[in-house]
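**Student:** Numbering (the working numbering), first residue to last: 102 to 208. Yeah, the Cβ is synthetic: ideal placement off N, Cα and C, and Gly gets one too.
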Amino acid sequence: MTPRVKSALTRFKIMAFVVGVGLLILCAEMVLHYGFDNDALTWWSPIHGVLYMLYLVATADLGLKVKWPLTKILGVALAGVVPFFSFIMERKVAREVEGRDADTLAA
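(1) If we count the other Cβ atoms within 10 Å of its Cβ and call it buried at 16 or more, is aspartate 162 buried or exposed?
(2) How close, in whole Å, do the beta carbons of lysine 166 and valine 106 come, if the pair is a contact with beta carbons under 8 Å?
(3) From this set, Arg196, Arg201, Leu155 and Ser187, which residue's C-alpha is nearest valine 122's C-alpha?
(4) Taking the alpha carbon of leucine 179 as the reference point, which residue from Gly136, Leu124 and Thr111 has its own alpha carbon closest?
(5) Could you tell me if leucine 206 is buried or exposed, where buried requires 16 or more neighbouring beta carbons within 10 angstroms of its beta carbon?
(6) What's the C-alpha gap between histidine 134 and leucine 142?
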C-alpha cells in the first residue's frame with residue numbers, strides 16, 4: 102500500500118469512528134430535546150456538522166486515491182448519516198482497501 106493510500110485510509114477510519122460516535126450523541130441530543138424538552142446537548146449539533154464535513158473530505162480523499170467511482174464515494178459518504186452504519190462501513194472499506202493492496206502486491 103502506498104503511503105498516500107495508507108494515510109488516507111487511516112484518516113478515513115478515524116473519521117468514520119468519530120462521526121459514528123458523534124451521530125450517537127446527536128441521537129441522544131434529539132431524544133433529550135424532543136422527548137424530554139431538555140436542551141443540555143444542543144451545542145453538539147454544529148460540532149457534529151463540522152465532524153461530518155471532515156468525514157466527507159476523508160471519504161473523498163480515500164475514494165479518489167483508490168479510484169472509486171463517484172457512486173461508491175457517495176454511498177460511503179452517506180454511511181455517516183445512519184446510526185451505527187459508519188462503523189460497519191469503516192470495517193468494510195478497510196478490508197476492501199487492504200485486500201486490494203494485497204492483491205496488487207501478489208500480482
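**Tutor:** Taking the structure as given:
(1) As a working mapping, residue 162 is identified with position 61 in the sequence shown. Looking at its Cβ environment, which holds 16 or more other Cβ atoms inside 10 Å, aspartate 162 is buried.
(2) The count along the sequence shown starts at 1 and reaches residue 166 at position 65. The count along the sequence shown starts at 1 and reaches residue 106 at position 5. Lysine 166 to valine 106, Cβ: 5 Å. Contact.
(3) The count along the sequence shown starts at 1 and reaches residue 122 at position 21. If we check each option's Cα against that of valine 122, Ser187 comes out closest.
(4) Position 78 of the sequence shown, counted from the first residue, corresponds to residue 179. Comparing Cα-Cα distances from leucine 179 to each of Gly136, Leu124 and Thr111, the minimum goes to Leu124.
(5) As a first step, residue 206 is located in the sequence shown; it is residue number 105 there, counting from the start. With a pLDDT of only 45 at leucine 206, under the threshold of 50, the placement of this residue in the model should not be trusted, and no figure is reported.
(6) For this step, residue 134 is matched to residue 33 along the sequence shown. For this step, residue 142 is matched to residue 41 along the sequence shown. If I take the Cα positions, the gap works out to 8 Å.
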